[in-house]
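In the numbering used here, the protein residues as written are 97 to 352. All residues carry an ideal CB built from backbone N, CA and C; glycine is no exception. All figures in this text were calculated on a predicted structure; none of them were measured in a lab. Here's the structure we're looking at; comments come further down.
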Ligand SMILES: Cc1cc2nc3c(=O)[nH]c(=O)nc-3n(C[C@H](O)[C@H](O)[C@H](O)COP(=O)(O)OP(=O)(O)OC[C@H]3O[C@@H](n4cnc5c(N)ncnc54)[C@H](O)[C@@H]3O)c2cc1C
């Protein structure tokens with residue numbers, strides 16, 4: 097990308113860890129003091145946390161720092177507290193191992209927020225598809241729905257289901273694979289069984305592992321969803337660290 101086309105830097109907020117709570121053994125919820133953080137109205141709002149191999153980088157940032165992306169699960173303007181949920185996916189990586197081990201008082205720089213999606217109240221049916229990494233954004237969307245909203249949540253999960261709250265008209269399917277192998281076709285197979293064309297004006301939010309999102313794309317293309325009704329992208333890629341995967345996304349071949 098040329099210098100002229102680069103997005104201006106989003107503001108940075110210094111986050112200080114207040115505490116950690118385990119949502120389940122694979123999801124750590126961290127609450128931070130986030131003075132000066134400016135939230136947005138979007139339910140997919142995210143921040144980019146800045147790391148190097150040693151952990152968070154707080155000063156002397158390189159021109160292109162290594163970042164890891166996390167959804168703003170909630171923000172309380174009164175207390176200026178920010179909550180992020182981290183999938184703990186083993187020992188690999190920068191952000192997840194840090195989130196599993198950090199202590200109150202530890203700090204990390206967050207750049208953002210970015211994001212631009214929210215549920216459309218006028219849609220007839222909302223389809224939310226993803227995995228552990230998109231649960232924070234999906235929960236944020238569920239909290240925003242009207243009581244009479246209709247829709248379906250489909251999650252491809254490794255070992256642990258989530259305790260999700262949703263209006264009565266939203267069905268929740270949590271496909272826990274346990275010891276079985278990860279299969280990127282699994283979400284697409286489930287979505288392919290749905291009579292989506294009968295559901296009226298359908299809005300889709302599909303985010304998760306890159307291969308799984310790629311397998312879903314033709315189903316939504318065939319349904320003829322307009323770009324305003326389809327939000328789809330990879331949140332992570334199997335076997336690739338985030339920098340590698342985000343760089344791929346910027347190439348023609350890497351686009352979903
Ligand atoms: C807009 C956006 C919002 C996101 N929101 C969240 C969020 O709220 N919570 C969240 O946990 N993640 C979220 N993600 C995904 C997160 O940014 C990636 O999972 C990221 O790779 C984690 O960084 P890491 O340093 O832990 O692992 P990396 O160093 O990037 O990767 C190390 C290894 O772990 C694997 N890996 C990475 N993520 C996962 C995973 N979820 N499950 C299994 N294996 C994985 C990689 O394939 C790689 O082999 C979001 C991503 C985007 C783009």
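Among the residues of its own chain, which have a CB less than 8 Å from the CB of residue i, if the five just before and after it don't count?
i: residue 266; result: 222, 238, 241, 245, 246, 247, 248 and 249
i: residue 105; result: 207
i: residue 157; result: 146 and 205
i: residue 123; result: 181, 182, 183, 184, 228, 231, 256 and 258
i: residue 297; result: 218, 219, 220, 221 and 325
i: residue 173; result: 135
i: residue 152; result: 145, 146, 194, 202, 203, 204 and 205
With residue i as the anchor, note down where its beta strand (DSSP E) starts and where it stops.
i: residue 298; result: 298-305
i: residue 224; result: 221-226
i: residue 143; result: 142-148
i: residue 411; result: Because residue 411 is not part of the residues shown, which for the chain are 97 to 352, the question remains open.
i: residue 164; result: 162-167
i: residue 182; result: 177-183
i: residue 117; result: 108-120
i: residue 330; result: 326-332
i: residue 204; result: 203-210
i: residue 250; result: 247-253
i: residue 322; result: Careful: residue 322 lies outside any beta strand (DSSP E) and carries neither H nor E.
Grab me the residues of residue i's own chain with a C-beta within less than 7 Å of its C-beta, minus the 5 sequence neighbours each way, in chain order.
i: residue 243; result: 263
i: residue 213; result: 138, 139, 140, 301 and 327
i: residue 287; result: 225, 250, 312 and 315
i: residue 274; result: 255
i: residue 229; result: 183, 304, 331 and 332
i: residue 279; result: none
i: residue 334; result: 278, 305 and 307
i: residue 209; result: 135, 136, 141, 142, 143 and 168
i: residue 115; result: 127 and 200
So, at 6 Å on beta carbons, what are the nonlocal neighbours of residue i in its own chain, with the 5 sequence-adjacent residues on each side left out?
i: residue 167; result: 142, 232 and 233
i: residue 350; result: 344
i: residue 326; result: 300 and 316
i: residue 282; result: 252
i: residue 97; result: Interpretation of residue 97 is limited by its pLDDT of 41, a score under 50 that renders its predicted location unreliable; the figure taken from the coordinates is listed afterwards. Taken in chain order, the list of residues that qualify is empty.
i: residue 216; result: 299
i: residue 271; result: 252
i: residue 291; result: none
Which residue comes first and which comes last in the alpha helix (DSSP H) that contains residue i?
i: residue 239; result: 231-240
i: residue 197; result: 191-197
i: residue 345; result: 338-345
Check the C-beta distance from residue i over to residue j and give it rounded, since I have them as a contact under 8 Å.
i: residue 112; j: residue 186; result: 26 Å between Cβ atoms; not a contact.
i: residue 120; j: residue 295; result: That pair is no contact at about 30 Å.
i: residue 110; j: residue 180; result: Not a contact, Cβ separation roughly 14 Å.
i: residue 329; j: residue 303; result: 6 Å
i: residue 171; j: residue 135; result: 4 Å
i: residue 162; j: residue 339; result: 6 Å
i: residue 309; j: residue 352; result: 5 Å
i: residue 130; j: residue 178; result: 4 Å
i: residue 285; j: residue 260; result: That belief does not hold up - the Cβ atoms of residue 285 and residue 260 are roughly 22 Å apart, past 8 Å.
Comparing the CB of residue i with every heavy atom of ligand 3, is any distance shorter than 8 Å?
i: residue 181; result: Although ligand 3 was asked about, the structure shown includes only ligand 1 as ligands.
Beta carbon shell of ligand 1 at less than 6 Å from a heavy atom = Here the residues come out as 142, 164, 165, 166, 167, 181, 182, 183, 185, 188, 189, 190, 191, 192, 228, 229, 232, 331, 332, 333, 334, 335, 336, 337 and 338.
ask   = In chain order, which alpha helix (DSSP H) runs of at least 4 residues are fully inside the region 259-297?
value = Those alpha helix (DSSP H) runs which fall completely within the region 259-297 and span 4+ residues are 282-288.
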